[in-house]
Amino acid sequence: MTNFAKLTATINDMETKNRKLKPLAGMNLNELREVTAGLGMPKFVATQLAEWIYAKRVTTFDEMRNISKANKELLANQYCVGLYGPQSAQASEDGTVKYLFDAGGDKAIESVYIPEDDRATLCISSQKGCRMNCYFCMTGRQGFHGNLTANQIINQVLSVPQTQQLTNVVFMGMGEPLDNLDNVLKVIEILTAPWGLAWSPKRITVSTVGVKNALKVLCETTSVHIAVSVHNAIEDERSQLMPIENAYHIKEVMDLLGKYDFAHQRRLSVEYIMWQWFNDDIKHAEALREILPNEHVRVNLIRYHMIPGAAKLRTSSDERMAYFRDYLNSKGITCTIRRSRGEDISAACGMLAGKVKDAEKDEDKKNKKKSQQQ
Numbered sequence: 031m032t033n034f035a036k037l038t039a040t041i042n043d044m045e046t047k048n049r050k051l052k053p054l055a056g057m058n059l060n061e062l063r064e065v066t067a068g069l070g071m072p073k074f075v076a077t078q079l080a081e082w083i084y085a086k087r088v089t090t091f092d093e094m095r096n097i098s099k100a101n102k103e104l105l106a107n108q109y110c111v112g113l114y115g116p117q118s119a120q121a122s123e124d125g126t127v128k129y130l131f132d133a134g135g136d137k138a139i140e141s142v143y144i145p146e147d148d149r150a151t152l153c154i155s156s157q158k159g160c161r162m163n164c165y166f167c168m169t170g171r172q173g174f175h176g177n178l179t180a181n182q183i184i185n186q187v188l189s190v191p192q193t194q195q196l197t198n199v200v201f202m203g204m205g206e207p208l209d210n211l212d213n214v215l216k217v218i219e220i221l222t223a224p225w226g227l228a229w230s231p232k233r234i235t236v237s238t239v240g241v242k243n244a245l246k247v248l249c250e251t252t253s254v255h256i257a258v259s260v261h262n263a264i265e266d267e268r269s270q271l272m273p274i275e276n277a278y279h280i281k282e283v284m285d286l287l288g289k290y291d292f293a294h295q296r297r298l299s300v301e302y303i304m305w306q307w308f309n310d311d312i313k314h315a316e317a318l319r320e321i322l323p324n325e326h327v328r329v330n331l332i333r334y335h336m337i338p339g340a341a342k343l344r345t346s347s348d349e350r351m352a353y354f355r356d357y358l359n360s361k362g363i364t365c366t367i368r369r370s371r372g373e374d375i376s377a378a379c380g381m382l383a384g385k386v387k388d389a390e391k392d393e394d395k396k397n398k399k400k401s402q403q404q
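Positions 31 to 404 (the working numbering) are the ones given, in order, by the sequence shown.
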């Protein structure tokens, strides 16, 4: 057996073993204390583990220099650190990078790194697919294949190459974050706790289509920014595109949000994809203005990115988007047109589908065919 083959076999053996072990990344401090107590270790070892995993992003117990060899061996028998890098990446011409992570069960999820001036934002996923089934979203068309664990969510933040440079995290990737509330709340705790990454909640935004009951919990237990995907404020029209409207009317969702303080330490924004002749006229601008709970809400207009199977929708023109924006601004509503990022690698809003691997396979096939022809 060659040295390369031996190395590959060793790596495969390690991955097989790790899959049988319970990951520590994704646990909060209380859970880490339960782990160490169960193994007969001093209480302070849990704090040491949290520092090594969340502050220093180590991937093995061997790297934890202030933990005894005996304790590391005890840990390694039942647990693994649980941090693993992306399977592949695609870079956009605008600097955006889309990463593909293994999500188990032969499924994959995507995260998108978006650098801009002094900000470095990571858009992370919370589910394998999505059960919201929005007509215009590629993720929803993949169906729902399960919630991501806290480990799978936080791993996206801790394992991208730019992890130490990140300034912001947005839960705007694959899935509806509030449909996986418990794990999302645990990750927010890890991101903000002193024993975790110690981030300000102002560095985190959670996007939702309006899962009202879970949204209430999020508002009352965290101080993160919230973004609501509205896209159409007229009830019967919204329900045609977003089935969630039949369960939670967007007007009721916005009324709920109006009870919380979004004027000072946290921000409430509205996401509004614009479709030509469907939701981009003054009637729809006025309908949107009427459901906003106060003047502190920010409206982000988003260009529609075409996806297969949604032929009846067309992107609004720049002129109509500008007219819509200017109308809302004239009414005292802060409204901007969001610059699209990563469209050339299917990383823009509504385009994530866990398909980076497939795209690379297609490219490999093309290159192989070309070489055979030569």
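By construction, the Cβ of each residue, glycine as well, lies at the ideal position given by its N, Cα and C atoms.
Among the residues of its own chain, which have a CB less than 6 Å from the CB of residue i, if the five just before and after it don't count?
{"i": "Glu275", "result": "Arg268 and Ser269"}
{"i": "Gly159", "result": "Gln172, Gly173, Phe174 and His175"}
{"i": "Ile375", "result": "Low per-residue confidence applies at Ile375: pLDDT is 49, beneath 50, and the placement is therefore not dependable, though the value from the model is reported in the following sentence. The answer, listed in chain order, is Gln120, Ser122 and Lys128."}
{"i": "Trp82", "result": "Val88 and Met94"}
{"i": "Pro53", "result": "Cys110, Gly112 and Asn181"}
{"i": "Glu219", "result": "Asn58"}
{"i": "Cys365", "result": "Val329, Arg355, Leu358 and Asn359"}
{"i": "Gly362", "result": "Glu325"}
{"i": "Tyr290", "result": "Cys249"}
To the nearest angstrom, report how far apart residue i and residue j are at their CA atoms.
{"i": "Thr151", "j": "Asp124", "result": "14 Å"}
{"i": "Ala378", "j": "Thr235", "result": "In this prediction, Ala378 has a pLDDT of 44, which is less than 50 and means its spatial position is unreliable; what the coordinates show is noted afterwards. Taking the straight line joining both Cα atoms gives about 17 Å."}
{"i": "Ile337", "j": "Lys102", "result": "49 Å"}
{"i": "Glu64", "j": "Asn181", "result": "17 Å"}
{"i": "Arg333", "j": "Ile144", "result": "17 Å"}
{"i": "Phe292", "j": "Lys86", "result": "33 Å"}
{"i": "Pro323", "j": "Lys99", "result": "57 Å"}
{"i": "Gly134", "j": "Glu316", "result": "45 Å"}
{"i": "Ile97", "j": "Ala76", "result": "10 Å"}
{"i": "Met294", "j": "His326", "result": "Correcting the residue type first, residue 294 is His in the shown sequence and not Met. If you take the alpha carbons of His294 and His326, they lie about 9 Å apart."}
{"i": "Asp348", "j": "His261", "result": "17 Å"}
{"i": "Gly170", "j": "Asp92", "result": "41 Å"}
{"i": "Thr252", "j": "Asp285", "result": "19 Å"}
{"i": "Asp136", "j": "Arg368", "result": "34 Å"}
{"i": "Ala228", "j": "Glu250", "result": "20 Å"}
{"i": "Phe306", "j": "Ala341", "result": "What sits at residue 306 in the sequence shown is Gln, not Phe. If I take the Cα positions, the gap works out to 12 Å."}
{"i": "Leu78", "j": "Ile321", "result": "The sequence shown places Gln at residue 78, not Leu. Going from the Cα of Gln78 to the Cα of Ile321 covers about 48 Å."}
{"i": "Cys164", "j": "Ser299", "result": "19 Å"}
{"i": "Asp147", "j": "Thr66", "result": "42 Å"}
{"i": "Gln195", "j": "Asp132", "result": "23 Å"}
Closer than 8 Å by C-beta to residue i: which residues in its own chain qualify, once you throw out the five before and the five after it? Chain order, please.
{"i": "Ala80", "result": "Leu59, Leu62, Trp225 and Gly226"}
{"i": "Leu208", "result": "Val214, Val236, Thr238, Val241, Ala244, Leu245 and Leu248"}
{"i": "Met304", "result": "Asp310, Leu331, Ile332, Arg333, Tyr334, Thr345, Ser346, Arg350, Met351 and Phe354"}
{"i": "Ala223", "result": "Asn58 and Leu59"}
Report yes if the CB atom of residue i is closer than 9 Å to the CB atom of residue j, and no otherwise.
{"i": "Gly112", "j": "Asn213", "result": "no"}
{"i": "Arg355", "j": "Arg328", "result": "no"}
{"i": "Ile280", "j": "Glu301", "result": "no"}
{"i": "Ser156", "j": "Gly205", "result": "yes"}
{"i": "Leu318", "j": "Phe166", "result": "no"}
{"i": "Val199", "j": "Ile139", "result": "no"}
{"i": "Val258", "j": "Val283", "result": "yes"}
{"i": "Pro273", "j": "Met202", "result": "no"}
{"i": "Leu358", "j": "Phe308", "result": "no"}
{"i": "Leu287", "j": "Ile256", "result": "yes"}
Should residue i go down as buried or exposed, given a rule of 16 or more other Cβ atoms within 10 Å for buried?
{"i": "Gly70", "result": "exposed"}
{"i": "Lys73", "result": "exposed"}
{"i": "Asn210", "result": "buried"}
{"i": "Ser230", "result": "exposed"}
{"i": "His314", "result": "buried"}
{"i": "Ala263", "result": "buried"}
{"i": "Thr90", "result": "exposed"}
Can you round the beta-carbon distance between residue i and residue j to whole angstroms, since I take them to be within the 8 Å contact cut?
{"i": "Ser118", "j": "Leu130", "result": "5 Å"}
{"i": "Cys110", "j": "Leu51", "result": "4 Å"}
{"i": "Val408", "j": "Pro116", "result": "With the chain represented from 31 up to 404, any question about residue 408 goes unanswered, as that position is not in the structure."}
{"i": "Arg233", "j": "Thr193", "result": "Not confirmed; about 14 Å, so no contact."}
Which same chain residues end up closer than 7 Å to residue i when comparing Cβ atoms and leaving out the 5 residues on each side of it in sequence?
{"i": "Ala55", "result": "Ile83, Val111, Gly112, Leu113, Asn181, Ile184, Asn185 and Leu188"}
{"i": "Ile312", "result": "Tyr357"}
{"i": "Gly68", "result": "none"}
{"i": "Arg149", "result": "Thr197 and Asn198"}
{"i": "Cys339", "result": "First, the amino acid is wrong: residue 339 is Gly here, not Cys. The residues are Arg171."}
{"i": "Gln108", "result": "Leu51 and Lys52"}
{"i": "Tyr278", "result": "Gly240, Val241 and Lys242"}
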